[in-house]
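J.: With positions in the sequence shown counted from 1, the corresponding number in the numbering used here is that position plus 241.
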Amino acid sequence: MSNDAKRGFTTAILHADRGAPIEHGALHKPLHVSVAYGYRDANELAAVFQGRASGYAYGRQGNPTSAALEAKLTAMEGGVGTVTFATGMAAIGAIMIALLRHGDHVVASQFVFGNTSSLLLTLEAHGQGVTFVDATDAAQVEAALTPATRLVFVETIANPRVQVADLVRIGELCRARGIVYVVDNTMTSPWLFRPVTAGASLVVNALTKYIGGHGNALGGAVTDTGLFDWTRYPNIYDSYKSQPPQNWGLQQLRKKALRDWGATLAPEQAHHIAIGAETLALRMERICANALALARFLGTHRMVRAVHYPGLASHGQHALAQELFGGRFGGLLAFELADGVDPMAFLNRLRIVVLSSNLGDNRTLAIPVAQTIFYEMGPQRRAAMGIAESLIRISVGIEDREDLIDDFDQALG
Ligand SMILES: *Cc1c(COP(=O)(O)O)cnc(C)c1O
242 MSNDAKRGFT TAILHADRGA PIEHGALHKP LHVSVAYGYR DANELAAVFQ GRASGYAYGR
302 QGNPTSAALE AKLTAMEGGV GTVTFATGMA AIGAIMIALL RHGDHVVASQ FVFGNTSSLL
362 LTLEAHGQGV TFVDATDAAQ VEAALTPATR LVFVETIANP RVQVADLVRI GELCRARGIV
422 YVVDNTMTSP WLFRPVTAGA SLVVNALTKY IGGHGNALGG AVTDTGLFDW TRYPNIYDSY
482 KSQPPQNWGL QQLRKKALRD WGATLAPEQA HHIAIGAETL ALRMERICAN ALALARFLGT
542 HRMVRAVHYP GLASHGQHAL AQELFGGRFG GLLAFELADG VDPMAFLNRL RIVVLSSNLG
602 DNRTLAIPVA QTIFYEMGPQ RRAAMGIAES LIRISVGIED REDLIDDFDQ ALG
């Protein structure tokens, strides 16, 4: 086991399943589709239900296939445990439902994923306080904290304008005050960045995106980094305090969010995601190189007014991104077309790039932001958020770089 800890990222994922004996020496964790489990005797049944023995009670609270994926995610994030969910949104919703109570306050980045922002507004309607701040500036986070603040929620790289949160300084603020610090690592993935290094308490990954990587499975996960002292958290129910304090948060997440709300990752999806995760490092390396090359190409094109990508020196948090992500900047970029270029006509000329709202696929995907994902907001709020009417978001894939750049070149005309 001591050797395992020294293994590299991809070696560890590839060989994780063989850590325990598998029937027939199968190299993949089998797909366990059973909803229910049988027991040798009544004592074993009771022990599993009471948490005194390991085992499975009912498929809603987990199954061996998702447990194998959870172990891989824990290793990838350098954490102490992981719970998986049916989608990324289910993972985020689980944190809010399981760990917050009426009257608690949340501080969140104003640039969070649109559906996360929508969820936080729903929570507000249920009696929780929510304050949105510019998380590129830790001072704004600090100014928003109140005695009722239980949780701070940020993303590493925001979508679509790719702002980078001041992750380390926000971590310091949360640690000093005993606030749960949640970092959504979806845009970076644990290959580019481990939020544990910025003091995160919980890490969210939408497995649907880079970790699964193929656009063929939905999933989400919450990993506990082991940094948060759950004995200081007022919202842990007494019934979840039987295990060591390090497990309290995840225990409550699994029980409250999976048992009570049921957004469980299906074993088939866990299996797809586990296979996708094996090549995360290879895909991300290619994606990051393609994205930087495309950002540089677009930056010099006369039909492009501005390019937003953390890897460009013109980006507001370029130095911070360099420091946090070790010289790779992810697969998301956005650009504004020059005046007079019709974004819809430009998109219609693309031949390889797919017009799609997803991201983190192997294929390069493009979407006009103002006309789709930010349409409901209207022009005034878009302008306030720095969303130009001609903004195009690109999720860069693994195509051959020349083909990708040629496609943008011909479509720009
Ligand atoms: C997509 C996404 C989510 C939600 O994931 P789903 O699996 O689509 O529910 C959450 N956070 C970020 C940053 C995302 O990009």
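All C-beta atoms, glycine included, are put in the ideal place defined by N, C-alpha and C. Keep in mind it's a predicted model, so treat the numbers as computed, not measured.
Which one of Y451, H542, L591 and A380 has the shortest CA to CA distance from G461?
T.: Y451
J.: Where does F538 sit, in a helix, a strand or coil, going by DSSP?
T.: helix
J.: Shortest alpha-carbon distance to T390 belongs to which of L272, G412 and D345?
T.: D345
J.: Could you pull out every residue in the same chain whose Cβ sits closer than 7 Å to the Cβ of F434, ignoring the five residues on either side in sequence?
T.: T397, N426, L565 and F566
J.: With hydrogens ignored, establish whether the beta-carbon of E365 is closer than 7 Å to any heavy atom of ligand 1.
T.: no
J.: Tell me which residues share the same chain as F352 and place their Cβ nearer than 6 Å to its Cβ, disregarding the 5 neighbours each side in the sequence.
T.: A399 and Q404
J.: Do L499 and R301 have their beta-carbon atoms positioned less than 8 Å apart in this structure?
T.: Yes. Within cutoff.
J.: For R464, name the three-state secondary structure that DSSP assigns.
T.: According to the sequence as given, residue 464 is Thr; it is not Arg. T464: strand per DSSP, three-state reduction.
J.: Would V409 pass as a contact of V424 if the rule is Cβ separation under 8 Å?
T.: In this structure, V424 does not lie closer than 8 Å to V409 by Cβ.
J.: From R634 to H269, what does the alpha carbon distance come to, in whole angstroms?
T.: 36 Å
J.: Among the residues of its own chain, which have a CB less than 6 Å from the CB of R232, if the five just before and after it don't count?
T.: Nothing about residue 232 can be reported from this structure: the residues present for the chain run from 242 to 654 only.
J.: Which one or two residues does DSSP pair with L596 in a beta bridge?
T.: A607
J.: What are the start and end residues of each continuous beta strand (DSSP E) run of 3 or more residues lying completely inside the segment 540-594, in chain order?
T.: 545-549 and 573-578
J.: Look up D345 in the DSSP assignment and give the residues it is bridged to.
T.: DSSP, once it has assigned bridges, lists no residue as partnering D345.
J.: Check this for me: beta carbons of M317 and P401, under 8 Å apart or not?
T.: no
J.: Do you know offhand how far G329's Cα is from G638's?
T.: The C-alpha of G329 lies about 20 Å from the C-alpha of G638.
J.: What distance in whole Å lies between the Cβ atoms of L606 and S636, which are believed to be in contact at a cut-off of 8 Å?
T.: 4 Å
J.: Going by beta carbon distance, what residues of the same chain come within less than 7 Å of A309, once the five residues before and after it are set aside?
T.: D258, K270 and A515
J.: Evaluate K313 with the Cβ neighbour count: other Cβ atoms within 10 Å of its Cβ, from every protein chain shown; 16 or more gives buried, anything less gives exposed.
T.: buried
J.: So for N531, helix, strand or coil by DSSP?
T.: helix
J.: Would the beta-carbon of M428 be found less than 7 Å away from any heavy atom of ligand 1?
T.: yes
J.: If we count the other Cβ atoms within 10 Å of its Cβ and call it buried at 16 or more, is P655 buried or exposed?
T.: Because the chain spans 242 through 654 in this model, residue 655 falls outside it and cannot be assessed.
J.: Counting only C-beta atoms, is N476 closer than 8 Å to chain E at any point?
T.: Included in the structure is just one protein chain, with no chain E present.
J.: Is it true that the segment 348-367 meets the segment 513-528, where meeting means three or more beta-carbon pairs spaced less than 8 Å apart?
T.: no
J.: With a threshold of 7 Å (Cβ to nearest heavy atom), would A447 be considered close to ligand 1?
T.: yes
J.: With a CB to CB cut of under 7 Å and the five nearest residues on each side skipped, what residues in its chain are close to C529?
T.: Once the five neighbours on either side are set aside, the close Cβ partners of C529 are R569, F570, G571 and G572.
J.: Looking at C-alpha atoms only, which residue of M428, A441 and T387 is the closest neighbour of I411?
T.: For the residues M428, A441 and T387, the minimum Cα distance to I411 belongs to A441.
J.: Which residue spans inside the segment 277-328 form an unbroken alpha helix (DSSP H) run of at least 4?
T.: 283-290 and 305-318
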